[in-house]
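Those protein sequence lines, which keep their order, are chains U and L.
According to numbering that gives the first Met the number 0, the first sequence holds residues 0 to 258 in order.
According to numbering that gives the first Met the number 0, the second sequence holds residues 0 to 393 in order.
A quick write-up on the structure given underneath.
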Amino acid sequence: MSSRIDSAFSRGKAFIPFITCGDPDLDTTKKLVLAMAASGADLIELGIPFSDPIAEGVVIQQADQRALHANTTLAKIFTMVKEIRKETSIPLVFMTYINPIFTYGKEKFLHTCHQTGIDGIIVPDLPFEEQEEILPLCKHYDINLISMIAPTSKQRTTLVAEQSNGFLYCVSSLGVTGMRNTIDDSVQDMVSVAKQVTTTPCCIGFGISNEEQASHFAQFADGIIVGSAIVRMIGEYGRNSIEPVSQFVRSMKKAANHV
Amino acid sequence: MNVGRFGQFGGQYIPETLMPAVIELDRAYTHYKDDLSFKIELKNLYADYAGRPSLLTYAEKMTANLGGAKIYLKREDMNHTGSHKINNVLGQCLLAKKMGKKRVIAETGAGQHGVATATAAALMGLECEIFMGKVDCDRQALNVYRMHLLGAKVHPVTSGTMTLKDAVNETMREWTTRIDDTHYVLGSVMGPHPFPTMVRDFQKIIGEEVREQMMKKEGKLPDYLLACVGGGSNAMGLFYDFLDESSVTLIGIEAAGKGIETNEHAATIATGTIGIFHGMKSLFCQNADGQINEVYSISAGLDYPGIGPEHADLSQRGRASYVSITDEEAVSAFEYLACMEGIIPAIESAHAIAYARKLAPKLSKDKVIVINLSGRGDKDVSAIARYKGEVLYE
Chain U
0 MSSRIDSAFS RGKAFIPFIT CGDPDLDTTK KLVLAMAASG ADLIELGIPF
50 SDPIAEGVVI QQADQRALHA NTTLAKIFTM VKEIRKETSI PLVFMTYINP
100 IFTYGKEKFL HTCHQTGIDG IIVPDLPFEE QEEILPLCKH YDINLISMIA
150 PTSKQRTTLV AEQSNGFLYC VSSLGVTGMR NTIDDSVQDM VSVAKQVTTT
200 PCCIGFGISN EEQASHFAQF ADGIIVGSAI VRMIGEYGRN SIEPVSQFVR
250 SMKKAANHV
Chain L
0 MNVGRFGQFG GQYIPETLMP AVIELDRAYT HYKDDLSFKI ELKNLYADYA
50 GRPSLLTYAE KMTANLGGAK IYLKREDMNH TGSHKINNVL GQCLLAKKMG
100 KKRVIAETGA GQHGVATATA AALMGLECEI FMGKVDCDRQ ALNVYRMHLL
150 GAKVHPVTSG TMTLKDAVNE TMREWTTRID DTHYVLGSVM GPHPFPTMVR
200 DFQKIIGEEV REQMMKKEGK LPDYLLACVG GGSNAMGLFY DFLDESSVTL
250 IGIEAAGKGI ETNEHAATIA TGTIGIFHGM KSLFCQNADG QINEVYSISA
300 GLDYPGIGPE HADLSQRGRA SYVSITDEEA VSAFEYLACM EGIIPAIESA
350 HAIAYARKLA PKLSKDKVIV INLSGRGDKD VSAIARYKGE VLYE
């Protein structure tokens, strides 16, 4: 199993930021990754832009559009990851829809992940029942396939959690990604059900955007995932987003650990 | 595992949040499809509300004009709401009621499926919300108003290309916010299992009627079945009852738009590659990085970058063949059928008519072609006028 992902959970509650590769360009993505790593991020989710991201709210949809308009391709993303790996050992996980993996070539994709230093992948439109599509190749190339559980999962939570590895992505709310003012505490039950059957770290994502939420949900989980709040900053500040994003990451890591 | 496969195609590639919804739907559908009272209720709705069976009209002038095979038209245009879409929505809305759902949501391209869903929802007392690309809302303002009249709420979709593909994306997103009381009435033989199978089953009555009507009129099975293909529901509905009849040639007609050699077409089988999108493994118009292409057709109903997984399998196995017809050929066929038979076809169905004009003269007079006239053309009149350079105000 990938030791780099395990290391993300060795410094208190993990803070996991998400950014979209190539938004506004890959050079900025690289700078953001290095800056976030230096600011206390424990693992970074790198979104591969997709034309039709059905699990995303409008903030990340627009980031995907910006990245695609900037001609971001998988080949260029892999080149960037290789460059990043020369400078940091922070765990890196791709968030991608299944079609780019499938169309690029499953084996080629996972082999390149392995070679460039990607530690895991999250595939929001690949539910447990369809994981066979890529799971054998993920195992072969030592890439963690991160599973997701959602508020609707109910009795499926156990099924999915038992087979999880890397970390378990606990979706806090119904609907798509995006900032929310209020998040139901039912995610707490979901995490405790999962924890009965697995030792895989549980991380909560979807909707978390501020310190108050980070410190609240960190009580129930091993880590906090934040996407849209960061992507919105990148949308606003573009190439000048490195500093505000770094500052945000620092404050969220602290909030998650109540310091 | 491997649920709802057609060869290598199909499956359930959707977010975890929606998995319980499709599992619940699959269980309910598996139960009710064999439930006698459900079957009787649906049959009565088909007969007393939709106007089934639809006619099988012998196109005598068209046959004489083309000078080859005998041509019959399966008149789905005569159904309530003007197309085959009603068959599917009555089935799904009835099932939604049985499942205790209070609300239905649906995507629509030109608005035909949206109008049909709003109609069935009104009939059955379900709340209804329709997602329609903003570009399509502007092109088909009359259908938007129809849906309002029927009590539905219409959400213009402003993401992506603002057309059918984005309307599907947005309806899926909406479904993830509310699955407890909401059923997604998918409009074609696509999406995650059980939709491709269930929608086909609700449409297969088209082919079953054709078989019976053909035996009465000709005393034999047809030799060729022709249907236009976007997602592919009217074609699957016509083909399904004949899949095991090797003497029956099945031909699906895709939209070649401005030509398949251009970038402006929607000919998925002719130009697409295997991918996984909108819940299914199938063929899609996409680039080498798996980004879904913008597609184009004069017909909003065929303007979709994918195709139902069962068609992908029929094509790969060689059981059905797929050809494409350009905008220009479809418009010409639209006018041709109006003058020749006094029937204005939907521009989608005109693609099938256009191919029949090429095929029939090559066949001998003892051969029989059945064309699925999947919808009526009233909705297209002003768009065709615009195509011909005239401006009409409805």
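C-beta atoms are modelled at their ideal positions from N, C-alpha and C, and glycine is treated no differently.
Computed from a predicted model, the values in this text were never measured in an experiment.
In this structure, residue 229 (chain L) keeps its C-beta atom at 7 Å or more from the C-beta atom of residue 188 (chain L). Residue pairing of residue 254 (chain L) in beta bridges, as defined by DSSP: L:324. Distance from the Cα of residue 209 (chain L) is smallest, within the candidate group L:190, L:240, L:28, for L:240. Check the Cα spacing between residue 82 (chain U) and each of U:114, U:99, U:95, U:104: the tightest is with U:114.
Interface annotation, residue 158 (chain L): in contact with chain U, CB-CB separation under 7 Å. Considered as a whole, the region 175-219 of chain U harbours 185-196, 210-217 as its complete alpha helix (DSSP H) runs of no fewer than 4 residues, in chain order.
Membership of residue 146 (chain U) in any alpha helix (DSSP H) is not indicated; the residue belongs instead to the beta strand (DSSP E) covering 143-148. Taking all protein chains shown into account, residue 86 (chain U) has fewer than 16 neighbouring C-beta atoms within 10 Å of its C-beta and is therefore exposed. Using a 10 angstroms sphere on the CB of residue 328 (chain L), the tally of other CB atoms reaches 16 or more, which defines it as buried. Distance from the CA atom of residue 232 (chain U) to the CA atom of residue 202 (chain U), rounded to whole angstroms, is 22 Å. With a threshold of 7 Å between beta carbons, residue 168 (chain L) makes contact with chain U.
DSSP places residue 128 (chain L) in the uninterrupted beta strand (DSSP E) bounded by 126-132. Listed along the chain, the chain L residues whose CB falls inside 9 Å of the CB of residue 152 (chain U) are 15, 16, 18, 19. If you draw a 10 Å sphere on the C-beta of residue 63 (chain U), you find 16 or more other C-beta atoms in it, and that means buried.
The contact set of residue 124 (chain U) on chain L, defined by CB atoms closer than 7 Å, consists of 12, 13, 14 in chain order.
With distances taken between CA atoms, residue 206 (chain U) lies nearest to U:225 out of U:35, U:33, U:225, U:199. With a threshold of 16 other beta carbon atoms within 10 Å, residue 95 (chain U) meets it and is buried.
Beta bridge pairing from DSSP links residue 71 (chain U) with no other residue.
Contact of residue 103 (chain U) with chain L by beta-carbon distance below 8 Å involves 287, 288, 289. Contact note: residue 147 (chain U) reaches chain L through 14, 15, using a C-beta cutoff of 8 Å and chain order. Only those residues of the region 265-281 of chain L whose C-beta falls short of 9 Å from the nearest C-beta of chain U are listed: 272, 273, 274, 275, 276, 277, 278, 280. Between residue 84 (chain U) and residue 116 (chain U), the gap from beta carbon to beta carbon is short of 7 Å. Taking CB atoms only, residue 19 (chain U) has no neighbour in chain L less than 7 Å away. Using a 10 angstroms sphere on the CB of residue 137 (chain U), the tally of other CB atoms reaches 16 or more, which defines it as buried. Counting only Cβ-Cβ distances below 8 Å, residue 133 (chain L) has no contacts in chain U at all, with the closest Cβ about 14 Å away. Unbroken alpha helix (DSSP H) stretches of 4 residues or longer found wholly inside the region 332-362 of chain L: 346-358, given in chain order. Excluding its 5 nearest sequence neighbours in each direction, residue 104 (chain L) has C-beta neighbours in its own chain below 8 Å: 127, 128, 129, 130, 170, 173, 174, 181, 182, 183, 184, listed in chain order.
In the DSSP assignment, residue 7 (chain L) falls outside any alpha helix (DSSP H), carrying neither H nor E. For chain L, the residues of the region 53-69 of chain U that bring a beta carbon within less than 9 Å of one of its beta carbons are 53, 54, 55, 56, 57, 60, 61, 64, 67, in chain order. Restricting attention to U:150, U:23, U:61, the CA atom closest to the CA of residue 227 (chain U) is found in U:61. In this model, residue 73 (chain L) and residue 258 (chain L) are separated by some 28 Å (Cα to Cα). For the C-beta of residue 164 (chain L), the chain U residues within less than 7 Å are, from N- to C-terminus, 51. Segment contact: the region 188-205 of chain L against the region 142-153 of chain L, fewer than three CB-CB distances shorter than 8 Å; contact not assigned.
The beta carbon of residue 178 (chain L) sits closer than 7 Å to some beta carbon of chain U.
Taking 7 Å as the CB threshold, residue 90 (chain U) stays off the interface with chain L. Secondary structure note for residue 291 (chain L): it is in no alpha helix (DSSP H), with a DSSP letter that is neither H nor E.
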